[in-house]
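Input: a single structure, listed below in structure tokens.
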Ligand code: ZN
Ligand code: FE
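Below, the structure written as structure tokens:
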């Protein structure tokens, strides 16, 4: 059985650990904060065996060297980014898969936020519903800033996520939900699902609870970037969000 732990890190990042109870294999998805990750490992009694990086930004790789040195963990991440991800030992590319404690993990390339951003899809997580660790590609009701890629890149990346099974849980790397929602309502003010979900999100956040994970099915209803009909439309919406 696979267990996923989510915990806040830094200002608004989430840290994630995935643990295979049969083999004891444990991976951290990105390394926003080594001390927090170590605290959760200790609390659960897990030993870190792997680090999976989605992209090279500091809030995703900052703890790589410390954690790898401490635990002897391997580091998987985009092969294209070998020059800018500290400690990378296992470069992976979109379309490849690897085994984690006997479970298949599929690597999907999702350029847009960065040119070599990847996400990790674990189809057997959550009793076969699947989980995807999506880094800064998609957020609840939002998408990552286009630092390196084009709107067309992000449009295709969104389409890849939308094509995953609808029940797939999406583990976004930041809690941006309330501000994303405020913006999303300016794009789709009459979207009843969006309006209703905002109440849910506000209630969760007022209790200090995460809105992550979301799901493919939910984002298909409420995420204006996933719902954009074209790359150019996504680009327009992203530009408006940058100035919001
Ligand atoms: Zn980033
Ligand atoms: Fe980030």
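Residue numbers (our numbering): 43 to 286. Heads up, the beta-carbon is just placed ideally off N, CA and C, and yes, glycines get one too. For clarity, every value in this text was computed on a predicted model and none was experimentally measured.
Considering only 132, 173, 152 and 108, the residue with the shortest C-alpha distance to residue 48 is 173.
Your pair residue 215 and residue 55 checks out as a contact, with CB atoms roughly 6 angstroms apart and the cut at 8 angstroms. For residue 62, the secondary structure class from DSSP, reduced to helix, strand or coil, is strand. Beta bridge pairing from DSSP links residue 216 with 55.
Residue state for residue 237 is assigned as helix, using DSSP reduced to three classes. Between the C-alpha atoms of residue 190 and residue 156 there is a straight-line separation of about 5 angstroms.
Not one heavy atom of the ligand FE lies closer than 7 angstroms to the C-beta of residue 95. Contact holds between the segment 61–71 and the segment 139–152, because three or more Cβ pairs, one in each stretch, are under 8 angstroms apart.
With fewer than 16 other Cβ atoms inside 10 Å of its own Cβ, residue 45 counts as exposed. Under the 8 angstroms Cβ criterion, the segment 120–130 counts as touching the segment 153–169, having at least three qualifying pairs. According to DSSP, residue pairing for residue 163 in a beta bridge involves 148 and 174. A distance of 8 angstroms or more separates the beta carbons of residue 115 and residue 79. Counting along the chain, the unbroken beta strand (DSSP E) around residue 133 starts and ends at 132–134. The set of residues with CB atoms less than 5 angstroms from any heavy atom of the ligand ZN reads, in chain order, 99 and 178. With 16 or more neighbouring CB atoms inside 10 Å of its own CB, residue 181 falls in the buried class.
Residue 267 has its alpha-carbon roughly 16 angstroms from the corresponding atom of residue 232. By the neighbour-count criterion, in which 16 or more other beta carbons inside 10 Å mark a residue as buried, residue 242 falls on the exposed side.
Using a cutoff of 7 angstroms, the CB of residue 55 counts as near the ligand FE, since one of the ligand's heavy atoms is closer than that. At a Cβ-Cβ threshold of 8 angstroms, residue 210 and residue 258 count as neighbours. Boundaries of the beta strand (DSSP E) harbouring residue 139: 139–142, taken from the DSSP string. Residue 266 sits in coil when the DSSP states are folded into three classes, being neither helix nor strand. Beta-carbon to beta-carbon, residue 75 and residue 57 are separated by about 6 angstroms, close enough to satisfy the 8 angstroms threshold. The Cβ-Cβ distance between residue 195 and residue 154 falls below 8 angstroms.
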